[in-house]
Amino acid sequence: MRAQTADKLATAFFYAGAGLVVIILVGLIGYILYHGASSIDWSFITSPPQNLSPGGGVGPQIFNSFYLLFLTMLITVPVGLLAGIYLAEFAKPGKVTESIRLSIETLTSLPSIVVGLFGLLIFVNLTGWGYSLMSGALALTVINLPLMVRISEEAIRNVPVELREGSLALGATRWQTVWKVVIPSAFLSILTGTIITAGRVFGEAAALLFTAGMSSPPLNFNQWDILSPASPWNPFRPAETLAVHIWKVNSESLIPDVRRVADGSAAILVLVVLLFNITARWLGRRIHKKLTAQ
Amino acid sequence: MERTAESVGVWRAAKKFKRKSDLFGRNLSFLCALTVIILTLSIVVFISSKGLSTFLVNKVSLGEFLFSTEWFPDRGAAEGGPKVGALTFIFGSVATSLLAVLISAPLSLITAVFMVEIAPGWGQRILQPTIELLSGIPSVVYGYIGLSVLVPFIREHLGGLGFSLLAGVLVLSVMVIPTIVSVSVDSLRSLPGHLKEAAYALGSTRWQTIRLVLLPAARTGLITGIILGLARAFGEALAVQMVIGNTRKIAHSLLDPTITLTSGITMDMGYTAAGSLWNNTLWSMALVLLLMSFFFILLIKMVVKRGAVK
Chain B
1 MRAQTADKLA TAFFYAGAGL VVIILVGLIG YILYHGASSI DWSFITSPPQ
51 NLSPGGGVGP QIFNSFYLLF LTMLITVPVG LLAGIYLAEF AKPGKVTESI
101 RLSIETLTSL PSIVVGLFGL LIFVNLTGWG YSLMSGALAL TVINLPLMVR
151 ISEEAIRNVP VELREGSLAL GATRWQTVWK VVIPSAFLSI LTGTIITAGR
201 VFGEAAALLF TAGMSSPPLN FNQWDILSPA SPWNPFRPAE TLAVHIWKVN
251 SESLIPDVRR VADGSAAILV LVVLLFNITA RWLGRRIHKK LTAQ
Chain W
1 MERTAESVGV WRAAKKFKRK SDLFGRNLSF LCALTVIILT LSIVVFISSK
51 GLSTFLVNKV SLGEFLFSTE WFPDRGAAEG GPKVGALTFI FGSVATSLLA
101 VLISAPLSLI TAVFMVEIAP GWGQRILQPT IELLSGIPSV VYGYIGLSVL
151 VPFIREHLGG LGFSLLAGVL VLSVMVIPTI VSVSVDSLRS LPGHLKEAAY
201 ALGSTRWQTI RLVLLPAART GLITGIILGL ARAFGEALAV QMVIGNTRKI
251 AHSLLDPTIT LTSGITMDMG YTAAGSLWNN TLWSMALVLL LMSFFFILLI
301 KMVVKRGAVK
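Protein chains in written order, with UniProt numbering: chain B, 1 to 294; chain W, 1 to 310.
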């Protein structure tokens, strides 16, 4: 009977451990959303922050976060997708392929602050751009790229061989097959992966302190000259994102309503991450349905 | 269809174009894959060249940097000159990440086993998204919760300032859970089914099967997960910086504030002049972080190699 008792005890133990992890998550998200709910309103979402007096919002920070994400994806997706295509379709075992894989592994495990410092050296100082959206986007690309390559490679590998054979048999070249047959059938999986990646970089802050900067110039949303420093669309202006803002108001801010601003910003950040996650999950279920229906 | 000279020409041209676009696509994709190598190499080269200048330009000895706790980066010559012993920072990083993994590894392994072996459907349906969400929550949010909940709690109930090694460890231990769980789950899922069947056929209980058969068989993957968790904890910057206190002293108890490599860099990088000794030392700390992530990769490779032989 001793073995049976131990088994029952162990099972209870596993339930408790897994339960604890769920409680931690529910506690975290519940806390953030509960506290954030009271400080989020329309003026908080749209108005600029205050330096010394209460009542500021995070409008420019929200805009910066999304714009930076867009710029990052504009670079990451094509490069990552093509690199994934190379690894899945063309790479032959050998020194070069091995180095590519080792590099991906290295980039994945680099602390983001090290990537931020690299960005400071190259994109901020060497190019002369200074703290700018472009520097931030390139630093985030470095963080994002290995994940994007992996996602694309795996999605492409999962496309059945018969599809390729059919296309090649019809006289299509390798590249035509990849571009017109393989990529379209891997599209949904790649999209799902991309959305998950996007959710991750949305909250990134350590790499941005030294690349996109910790402040935003006053923005004029009616200024459409893309090179004007007041134009929100100027990719060469400094930009503080929502995640960086949370860090900054907590560590060096003088505003009296720090708690309200931090609570609201954290809630928005978590909501956006949740939104990305749910979208990806929904897409994933559609892929599953499509595959099982075949 | 009869082939006139003209149609043959068109056909040839089309074929040539096809071959060209084929080559173009292949080269373009190769170029993008090469970008990954170029990026990695340039990160290593640039961080190393900046990080080594503490030793090559300022002539600080490696021993002083690694093993001394004397941290006076801007002390004038009259008071004994500057000292840049970074042991406090290194010790802080090692202590926080090791202790964090010590807490989260058992919890994560329990969760992983639960998901793969015990969870009746619903457990898995709830836990899988839970883990994914935990890994998606931004690190500043973890830091902020630590700052607004954990720090006051420690201050009121355990003593001290609240900003402490303990606060850093607890925040990190939650952040590391998803990393360890997801790698462990993959490893447990990939075990061949006959292992479990054989154990049950011999009359083992579920706990015996898990403890004596499944966990040892998945050992390589589990250890890899733990090392990856350790690496993540070691490199995490802002969440730790927000709760650990950032005092440049070695913590003598869990309730003392201290500092880590990452939080030290975060605090001072913006305020020191490029090329100064202080600034160079910060780059050397970044180099230590870089070398540590190489060390972790190497460690994982060794574990995997060992696991494969047996």
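Glycine included, each C-beta is placed from N, C-alpha and C at the ideal position.
As the structure is a prediction and not an experimental result, all values here were calculated from the model.
| Check | Outcome |
| --- | --- |
| To which residues does DSSP link W:G245 through a beta bridge? | W:T258 |
| With a 10 Å radius around its C-beta and 16 neighbouring C-beta atoms as the bar for buried, classify B:R2 as buried or exposed. | exposed |
| So with Cβ pairs under 8 Å, would you call B:Q61 a contact of chain W? | no |
| Taking the straight line between their C-alpha atoms, what separation do you get for B:I32 and B:L102? | 38 Å |
| Any chance the CB of B:P49 is under 7 Å from a heavy atom of the ligand FAD? | The ligand content of the structure shown is nil, which means the ligand FAD is not present either. |
| Using the three-state DSSP reduction, which class does W:K59 fall into: helix, strand or coil? | coil |
| Starting from B:D7, trace the alpha helix (DSSP H) both ways and give me its first and last residue. | R2 to A37 |
| At which residue ranges does the region 234 to 283 of chain B contain complete alpha helix (DSSP H) runs of 4 or more residues, listed in the order of the chain? | 242 to 252 |
| Of all Cβ atoms in chain W, is any one closer than 8 Å to the Cβ of B:P111? | yes |
| Alpha carbon to alpha carbon, what distance is there between W:T224 and W:R19? | 44 Å |
| Note down, in chain order, every chain B residue with its Cβ under 7 Å from the Cβ of W:T130. | V21, V22 and L25 |
| Taking just the CA atoms, how far does W:L172 sit from W:T96? | 8 Å |
| DSSP puts W:K83 in a beta bridge; with which residues? | W:F72 |
| So which residues on chain W does residue 313 of chain B lean against when the C-beta distance must stay under 9 Å? | As shown, chain B starts at 1 and ends at 294. That puts residue 313 of chain B outside it, with no answer to give. |
| Touch check for the region 266 to 284 of chain W and the region 83 to 93 of chain W: three-plus C-beta pairs under 8 Å? | yes |
| Evaluate contact between the region 142 to 149 of chain W and the region 244 to 264 of chain B, counting only Cβ atoms and requiring at least three cross-stretch pairs below 8 Å. | yes |
| What residues in the region 228 to 247 of chain W bring their beta carbon closer than 8 Å to a beta carbon of chain D? | The displayed structure is made up of protein chains B and W, and chain D is not among them. |
| For W:F163, does the three-state DSSP call read helix, strand or coil? | coil |
| Using C-beta distances below 7 Å, list every residue in its chain close to B:E204, excluding the 5 sequence neighbours before and after it, in chain order. | S112, L140, I143 and A243 |
| Start and end of the alpha helix (DSSP H) containing W:T224? | R219 to G235 |
| Which residues in the same chain as W:L202 place their Cβ atom closer than 7 Å to its Cβ, once the five residues preceding and following it in sequence are excluded? | none |
| With a CB to CB cut of under 6 Å and the five nearest residues on each side skipped, what residues in its chain are close to B:T97? | A91 |
| If distances are taken between C-alpha atoms only, which option among B:E153, B:T11 and B:A169 comes closest to B:L89? | It should be noted that the sequence gives Glu, not Leu, for residue 89 of chain B. It is B:E153. |
| Quick one: give me the first and last residue of the alpha helix (DSSP H) that B:Y131 is part of. | Careful: B:Y131 lies outside any alpha helix (DSSP H) and carries neither H nor E. |
| To be precise: take each residue of the region 191 to 219 of chain W, compare its Cβ to all Cβ atoms of chain B, and keep it if any distance is under 7 Å. Which residues remain? | T205, R206, W207 and Q208 |
| Look up W:A119 in the DSSP assignment and say whether it is helix, strand or coil. | coil |
| Just to confirm the assignment, what range does the alpha helix (DSSP H) spanning B:Q223 have? | Neither: B:Q223 is in no alpha helix (DSSP H) and is coded neither H nor E. |
| Taking the alpha-carbon of W:K305 as reference, which of W:S253, W:L277 and W:R219 has the nearest alpha-carbon? | W:R219 |
| In whole angstroms, what is the alpha-carbon distance linking B:L81 and W:S42? | 22 Å |
| Can you confirm whether W:T111, when its beta carbon is compared against all beta carbons of chain B, has any partner nearer than 8 Å? | yes |
| In this structure, how does DSSP classify B:G203 when only helix, strand and coil are distinguished? | coil |
| Please classify B:R260 as buried or exposed, where buried requires at least 16 other C-beta atoms within 10 Å of its C-beta. | buried |
| Let me know if W:E2 comes out buried or exposed under the rule of 16 or more other beta-carbons within 10 Å of its beta-carbon. | Because W:E2 sits at a pLDDT of 49, beneath the cut-off of 50, its placement in the model cannot be relied upon, and the point is left open. |
| Would the beta-carbon of W:R206 fall within 8 Å of that of B:D7? | yes |
| With a cut-off of 8 Å, does the C-beta of W:F114 fall near any C-beta of chain B? | yes |
| Which of the three DSSP states is assigned to B:F210 in this structure? | coil |
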